[in-house]
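Structure record follows, encoded as structure tokens.
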Amino acid sequence: MATQATIGKWVVEIDTADTETPVYAPIEEVRSLSGVGATKATVEVTNFDSPALTKEFIPGLAEGEQISVECNYIHDATVQTALQSGAADSMPMKVTYDTTSKVYEFRVSYEGWALGPSISDANTISFTFKISGDFTIT
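Below is the structure:
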């Protein structure tokens, strides 16, 4: 059977309006995206009634991952510039696969940005966010 893997096809957008209904705008020229997901902690609940020589665990609260978004640096890009200026501390984010086939929506806490200047490769800028709360996946 032939693979169904794909290359590209992702769009990363943030809410630029800071209103009750999000107004999404794409972050310009995203090259890579990592960290979209959540992890549940494990909580130990071993007690005197636990089976001998064993520990017991329950699932804890889910915690959103830290997201890294790397882009080609565009000096006059609207959304890149807004993020560099610290336009918002917390905002909705949407990651869409293949235009509309799979959409992940969640809130992020903005952590910062870093330039990646180069004399022999593309100049880049990276943004870091932390997922806060739950996901909506459609």
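Taking the working numbering as reference, the numbering of the sequence shown is continuous, increasing by one, and the terminal residue is 565.
Beta carbons: idealized from backbone N, C-alpha and C, even for Gly.
Rounded to the nearest angstrom, the Cβ distance from E497 to S553 is 5 Å, consistent with a contact under 8 Å.
Pairing I454 with Q493 gives a Cβ-Cβ distance that is not under 8 Å. Your pair G491 and K467 does not check out as a contact, with CB atoms roughly 11 Å apart and the cut at 8 Å. Excluding its 5 nearest sequence neighbours in each direction, D442 has C-beta neighbours in its own chain below 7 Å: P449, V450, Y451, M518 and P519, listed in chain order.
Comparing alpha-carbon positions, the option among Q431, G513 and W437 lying closest to A541 turns out to be G513.
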